[in-house]
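Numbering of the sequence shown is given in the working numbering, commencing with residue 8 and proceeding in unit increments. Glycine included, every Cβ here is placed at the ideal spot set by N, Cα and C.
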Amino acid sequence: MLNKILVPTASTNSVMELYAEAETMAEVAAKRATETEAVEVDEGESLDEIKAKLKPKKKGGISADMLDTANTYDDKVALVRIIVTDEAGRVANVFKQMMREDLKY
8 MLNKILVPTA
18 STNSVMELYA
28 EAETMAEVAA
38 KRATETEAVE
48 VDEGESLDEI
58 KAKLKPKKKG
68 GISADMLDTA
78 NTYDDKVALV
88 RIIVTDEAGR
98 VANVFKQMMR
108 EDLKY
């Protein structure tokens, strides 16, 4: 599966080394996500104000229109970069799963 996606390089990294690197990236992304979830509570704030801070904020992200109209290579690369920036942990998990499946065969 990975050989269909990845571009061949002169790298001598084994699949296990790549798998370990993907795990490290996932851990870093998870740590970064937990660090950004902290909310400061000021003195005198009501419970409703604190709940409002904790509600997830909408991300600009990628619209369905962008996915449909990305025809050129540069557009597709830009979309992939946006996805990786916004969802680094999920992207790392996808690659880990693909590597696990690749090791089975």
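- The criterion of a C-beta distance shorter than 9 Å is not satisfied by Y26 and R97.
- Here A95 is near R39, since their CB atoms are less than 9 Å apart.
- V22 and D93 do not touch by the CB rule: their CB atoms are close to 27 Å apart, not below 8 Å.
- Counting every other CB atom within 10 Å of its CB across the protein chains shown gives A71 a total below 16, marking it as exposed.
- Of the other Cβ atoms in all chains shown, 16 or more fall within 10 Å of the Cβ of A29; this residue is therefore buried.
- Listed in chain order, the non-local C-beta contacts of K83 below 7 Å within the same chain comprise A77, local neighbours out to five positions each way being set aside.
- Cβ-Cβ separation between L86 and I69: approximately 6 Å, consistent with a contact (criterion under 8 Å).
- Shown here for A33: same chain residues with a beta carbon closer than 8 Å to its own, the five before and five after excluded, namely G96, A99, N100, K103 in chain order.
- If you ignore the 5 residues before and after A36, its C-beta comes within less than 7 Å of the C-beta of A95, G96, A99, all in its own chain and listed in chain order.
- I57 and D49 have their C-alpha atoms spaced approximately 9 Å apart.
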